[in-house]
């Protein structure tokens, strides 16, 4: 069943086998997968090799373990892409979105960021890097560049588990007009793998959001880097 | 500059170097990249190694060549995701969307497709596999499963460069209500690489579309497999 002459390591071949079972729906959410011993004898490899494959899938959120009970297929949560741009507490009370702020600084944008934001390389932007958490688990890396000429006087303390849009609207009274969200993908490099707690090479979904105000100024550019295994992103369209 | 002890082949390291230049915008669309000779001497490798890296990027659409002139950075086309679900010739004359039909058959859906379509595994569906072309270049693999109880009597000839939605509406008078589009990513396997003419391992964007009628029946499920290098998919949202 495994290709022993392949350049693909055995643990990754096993991981791919398990992923197919999960992705095809043959192993549904909640399904208890075979034990490490059973898999090791099925593939004729050591339990260490099997353990490595399973750990990768636990890390990436496809499987979860209950100690003393076994390993199970995780439920995939669905997230509407429109959440990326919604202002969720427009009317109600201030909601809290757990974030860990990694950095907050005022910088000159590089050439490509300046082009995206339609500003000059000598202008100033806030560079904000945060990790969005879900039950203390890192789920999205959010890197944002915010136009300082529109959002003056932003402080580290202002961020505090808040969505950028809410800060723009509530603290600065800005009228947002439009968001354009580009979708692409990449595989996790070391730094992303560490921050999102997934294996290097894991498939990541990238969403690049550019937000303009009523006056057609670009107020921010954000790059959302997210694991696509555990969360399924969708959009819903009326026909 | 290259890591000669790395398990990543040199040609792929060079490819990554070139990709960074392009993706960062340092090399803009239309920019003429250094010659193979120049790159070979820069990296201290053979021109064969450089050629391989460049060919990969030409295949995936990031670069293009003009014989006798050189190699240039390609322009990335932007595609609005809403195009995936739009009925583009609702009013006007029948537009043509070049497709190559690879297969058309009546089958029983597998377990996972039946679940998605909310039908029984014993029901019948059309399985349609097509390649969408742009200037004769393959750009999207479209695999569709169509509910035969709603679309009776569909024939190979009906497809002919038409969008499924247009067939549903014009030929069958169906009222479509809603589309849900899931977004994910994967790397190209051999079969996909061949069909899309990209290197194995290339990043692909997957869009899974489920379309329901006014009566809340699922009329079709389509999986669009597309190269994300050459086309940038986006959505635009009013705030």
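Chains as they are written, first to last, in my numbering: chain A, -5 to 233; chain B, -5 to 233. No residue lacks a Cβ here, since even glycine has one placed at the ideal position from N, Cα and C. If you're wondering where the values come from, they're calculated on a predicted model, not measured in any experiment.
- Per the coordinates, the alpha-carbon of residue 106 (chain A) lies some 27 angstroms from the alpha-carbon of residue -3 (chain B).
- For the beta strand (DSSP E) assignment, the uninterrupted runs of no fewer than 3 residues enclosed by the region 178 to 217 of chain B are, from N- to C-terminal side, 197 to 207.
- For residue 126 (chain B), the uninterrupted beta strand (DSSP E) segment begins and ends at 119 to 128.
- Contact check for residue 167 (chain B) and residue 109 (chain A): beta-carbon distance about 48 angstroms, past the 8 angstroms limit, so the pair fails to qualify.
- Secondary structure remark: continuous beta strand (DSSP E) runs of at least 3 residues inside the region 46 to 117 of chain B, in chain order: 57 to 60, 64 to 67, 71 to 74 and 93 to 101.
- Segment contact: the region -1 to 10 of chain B against the region 46 to 53 of chain B, three or more CB-CB distances shorter than 8 angstroms; contact assigned.
- Burial of residue 111 (chain A) is indicated by the presence of at least 16 other C-beta atoms within 10 angstroms of its C-beta.
- Looking at A:147, A:230, A:194 and A:104, the one whose alpha-carbon comes closest to that of residue 165 (chain A) is A:147.
- The CB of residue 229 (chain B) comes closer than 8 angstroms to the CB of 75, 174, 175, 177 and 229 in chain A, given here in chain order.
- By the Cβ criterion, the region 60 to 72 of chain B is not in contact with the region 175 to 190 of chain B, since fewer than three pairs of Cβ atoms, one from each stretch, lie closer than 8 angstroms.
- Under DSSP, residue 220 (chain B) takes part in a beta bridge, and its partners are B:134 and B:199.
- When C-beta atoms of the region 55 to 64 of chain B are compared with those of the region 204 to 217 of chain B, fewer than three pairs fall below 8 angstroms, so the two segments do not count as touching.
- The contact set of residue 109 (chain A) on chain B, defined by CB atoms closer than 8 angstroms, consists of 19 in chain order.
- Residue 218 (chain A) and residue 126 (chain A) have their C-alpha atoms some 10 angstroms from each other.
- The beta-carbon separation of residue 170 (chain A) and residue 138 (chain A), rounded to 14 angstroms, does not stay under the 8 angstroms limit for a contact.
- Residue contact with chain B for residue 212 (chain A): absent (no Cβ-Cβ distance below 7 angstroms to any residue of chain B).
- At least one CB of chain B lies nearer than 7 angstroms to the CB of residue 232 (chain A).
- Counting C-beta atoms within 10 angstroms of its own C-beta, residue 201 (chain A) has 16 or more neighbours from the protein chains shown and is therefore classed as buried.
- The DSSP-derived three-state label of residue 159 (chain B) is helix.
- Annotation for residue 222 (chain B): 179, 197, 198 and 199 place their beta carbon closer than 8 angstroms to its own, counting only its chain and skipping 5 residues before and after.
- From the listed residues B:40, B:61, B:150 and B:34, the smallest Cα separation to residue 100 (chain B) is found for B:150.
- Per the C-alpha coordinates, the member of B:229, B:190 and B:41 positioned closest to residue 94 (chain B) is B:190.
- With respect to the 7 angstroms criterion, residue 215 (chain B) and residue 231 (chain B) are not classified as neighbours on the basis of their beta carbons.
- Partner residues in the beta bridge of residue 139 (chain A), as assigned by DSSP, are A:121 and A:215.
- A distance below 7 angstroms separates the beta carbons of residue 161 (chain B) and residue 152 (chain B).
- Residue 173 (chain A) carries a strand assignment under DSSP once its states are collapsed to helix, strand and coil.
- When Cβ-Cβ separations below 7 angstroms define contact, residue 184 (chain A) makes no contact with chain B.
- Interface with chain B (7 angstroms Cβ-Cβ cutoff): residue 170 (chain A) is included.
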